[in-house]
Structures are given as structure tokens and as C-alpha cells.
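What follows is a single structure, written as C-alpha cells, with notes after it.
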């Protein structure tokens, strides 16, 4: 992982970026499946010709070929570094790639079963788009005020009510203090 200096709460800190590695993640060094280059202990193998160099260093040997380094050209005899088939390492027909994809699907299914509350559908159900809430005092004024909650901890839509003798200005101050965004219409 690449260490990088970032500022958090005004202090400079060194952080490691988190990269989730799945069975269908392909290494940029050895072109193998299930790991990334930072964790690779294998020698480099090209994903195009299976030679002993990284894919981004692949170069056509034909004089006059204008294909850029790291790209497939018509002169290259493709060879998969994983199954030794006559295709590049990311081709659909590669058996090793198909195995990696099948393992990743199983891994994701097992992950969803282990953490049912973390699925994207349940997150969408939990987080709703905030709705506009009108202040009761704004009906008398020429200007309308829209109060929109910024997160789930703010007032639920339609539940902003006056407390005792609070007027519209005090209600707006309370809404601002709770993190609501107030827009004049």
C-alpha cells in the first residue's frame, strides 16, 4: 500500500490506503489472481505474452509498429501467463479467470449472508432523501423557508414542531444548531 501524508483535524498523518483484495483482483506484476502488486512475491509476467516483464512494459518487437508500450498489437502472439492458452490473461475464455470470478461470486454471496444488514438495498432503505419542512410561521410571510435535514440524526421529515412559546426565528436557530441546511426560497 502507498503511504501518503494527509491532514486530519489539522494534523499531518501518514496513512496506508485500504485496498480490498478479492479473488478476482489481478496483480499488475505477475498477472496472477487474488492479490495485488504490493503483496506480490512472484517474478513479473506479462499479461499479453507471458514473458518475464510487467504488462505495462510490453513492447512489440516489429520495426515500425506504432502500438504504444503496454498494449496488444496485431504482431503479438498472445499467451496467457496463467493457463498458457493462446489469449491474453484478461480474456473471457481463460479458465483461470473464470475460476477467479466464480470464487469472487461465492465470496460475495458468503459475505452478504454473514452481514445481511450491510447490503446496498438495506442501506438505501435506511437512508432516505431529506424532505422539505415548512415552518408554521412561514405561511404568513411572503418568503418561504425550507429546512432540510443533513443526516439521519436530524429531525425526521414532517416532525419539526414548535416547543412551547418558541417563535419561527428560534426554531430556525435550533434547526441550524442541529446541522440542518436552511435555504430561503
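Numbering (our numbering), first residue to last: 1 to 185. Virtual Cβ for every residue (Gly too), placed ideally from N, Cα, C.
Answer with buried or exposed for residue 115, where buried requires no fewer than 16 other C-beta atoms within 10 angstroms of its C-beta.
Your numbering for residue 115 matches position 115 in the chain shown. So residue 115 ends up on the exposed side.
Determine whether the beta carbon atoms of residue 34 and residue 100 lie at a separation below 8 Å.
Position 34 of the chain shown holds residue 34. Position 100 of the chain shown holds residue 100. In this structure, residue 34 places its C-beta atom within 8 Å of the C-beta atom of residue 100.
So, do the region 94 to 110 and the region 22 to 30 have three or more beta carbon pairs nearer to each other than 8 Å?
Judged by Cβ distances under 8 Å, the region 94 to 110 makes contact with the region 22 to 30, as three or more pairs qualify.
Could you give the distance in angstroms between the alpha-carbon of residue 98 and the alpha-carbon of residue 92?
Within the chain shown, the letter at position 98 stands for residue 98. Within the chain shown, the letter at position 92 stands for residue 92. For residue 98 and residue 92, the gap between their C-alpha atoms comes out near 7 Å.
Pick helix, strand or coil for residue 17, following the three-state DSSP scheme.
Along the chain shown, read from residue 1 onward, the residue named residue 17 stands at position 17. Coil.
Output the distance between the C-alpha atoms of residue 84 and residue 64, rounded to the nearest integer angstrom.
For the purposes of this step, residue 84 is identified with residue 84 of the chain shown, where counting begins at 1. For the purposes of this step, residue 64 is identified with residue 64 of the chain shown, where counting begins at 1. A direct Cα-Cα distance of roughly 28 Å separates residue 84 from residue 64.
Option nearest residue 41 by Cα separation, candidates 47, 49, 31, 50
Reading the chain shown from its first residue, position 41 is the one you call residue 41. Nearest to residue 41 by alpha-carbon distance, out of 47, 49, 31, 50, is 31.
Which of the three DSSP states is assigned to residue 7 in this structure?
One-based indexing of the chain shown puts residue 7 at position 7. Secondary structure at residue 7: strand, using DSSP grouped into helix, strand and coil.
Tell me which same chain residues have a C-beta within less than 7 Å of the C-beta of residue 10, skipping the five on either side of it?
Position 10 of the chain shown, counted from the start, is the residue given in the question as residue 10. So no residue of the chain qualifies.
For residue 26, list the residues DSSP reports as bridge partners.
Along the chain shown, read from residue 1 onward, the residue named residue 26 stands at position 26. Answer by DSSP bridge pairing, in chain order: 33.
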